[in-house]
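Numbering (UniProt numbering), first residue to last: 1 to 311. Backbone N, C-alpha and C define an ideal beta-carbon position, used for all residues, glycine too. Worksheet: the structure to be examined is printed underneath.
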């Protein structure tokens, strides 16, 4: 039976995040690229939140959920990228043990919350297309608030389990994490004891928090697809599908790399490849979400140009 190690068994007080490169010139180029991506992500998501809050026509369940998604993306990318930017220019690339603990927890909490939140957004599209006349009755503001609070509670709870078990492992050296942030599998690979139990727990959490939500999303879109096919006019089918295309795009961009990172066996762990793939669900998803939703959404574009005209 696995027992947690005693606190005095772990004497690593800090970790070194190796990042992407040790070459100063390459790091300066990466700094500029990631800085632009980070600023674009934060400003794009902040713009969507602002437009939704200010435009009364966007005060609907769909845009409420989109606002929450943008808030999640802003927090998600801000958990890792600012520190990575500092490490790209600084001589020291260390992070304290407690700092690593906190970063792993918040990153995991927001990521798991977003996994479940995509189910809520899929349910919103299901109700809008399959039960349009009862949309505002089914998705009342009380239910929207409860669904949102529930996803956040689940994300932060299961991340606490993952982080606690990972950081309670004995780390007696080396302390160099081959990643740009404290990601669970990368840190866990440094533990000086067998981690099979922790890997099993993480796999169970991944199944529950990734595969189950993804199955519910697929089930929702099967029902949505059946309803769309019953629409007689081609214009009506295209309009119904366009309301789901943005959500399907961001779900694919988020889930595909996340499943690869967290569902594969530990024996196939590849630090360099995992670092590159993690950029998709961490950095590029937060950057692309505002682009996908704003370019494909007439209401968002209309609210933007209306506010621009007023200004």
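- In this structure, the beta-carbon distance from residue 129 to residue 285 does not fall below 7 Å.
- Residue pairing by DSSP puts residue 16 in a beta bridge opposite 94, 176.
- Here residue 171 carries a coil assignment [DSSP, helix/strand/coil].
- If you draw a 10 Å sphere on the C-beta of residue 89, you find fewer than 16 other C-beta atoms in it, and that means exposed.
- With respect to residue 213, residue 115 sits close: the two C-beta atoms are nearer than 7 Å.
- In the structure shown, residue 189 falls within a coil segment according to DSSP collapsed to helix, strand and coil.
- Bounds of the alpha helix (DSSP H) holding residue 199 are 196 to 206.
- One alpha carbon belongs to residue 195, the other to residue 188, and they sit about 7 Å apart.
- Sequence-distant partners of residue 75 (beyond 5 residues in either direction) whose C-beta falls short of 8 Å from its own C-beta, in its chain, are 106, 110.
- Contact between residue 155 and residue 112 holds, since their C-beta atoms are separated by about 4 Å, short of 8 Å.
- Within the same chain, 14 come within 6 Å of residue 96 by CB-CB distance, once the 5 residues on both sides are set aside.
- Residue environment analysis places residue 160 among the exposed positions, since fewer than 16 neighbouring C-beta atoms fall within 10 angstroms of its C-beta.
- For residue 60, the closest of 136, 118, 163 by C-alpha to C-alpha distance is 136.
- Cβ-Cβ separation between residue 52 and residue 63: approximately 5 Å, consistent with a contact (criterion under 8 Å).
- Note on geometry: alpha-carbon atoms of residue 168 and residue 261 lie some 22 Å from one another.
- With a beta-carbon spacing of about 26 Å, residue 210 and residue 138 fall beyond the 8 Å limit used to define contacts.
- Here residue 235 is exposed: its Cβ has fewer than 16 other Cβ atoms, across all protein chains shown, within 10 Å.
- With a beta-carbon spacing of about 7 Å, residue 221 and residue 122 fall inside the 8 Å limit used to define contacts.
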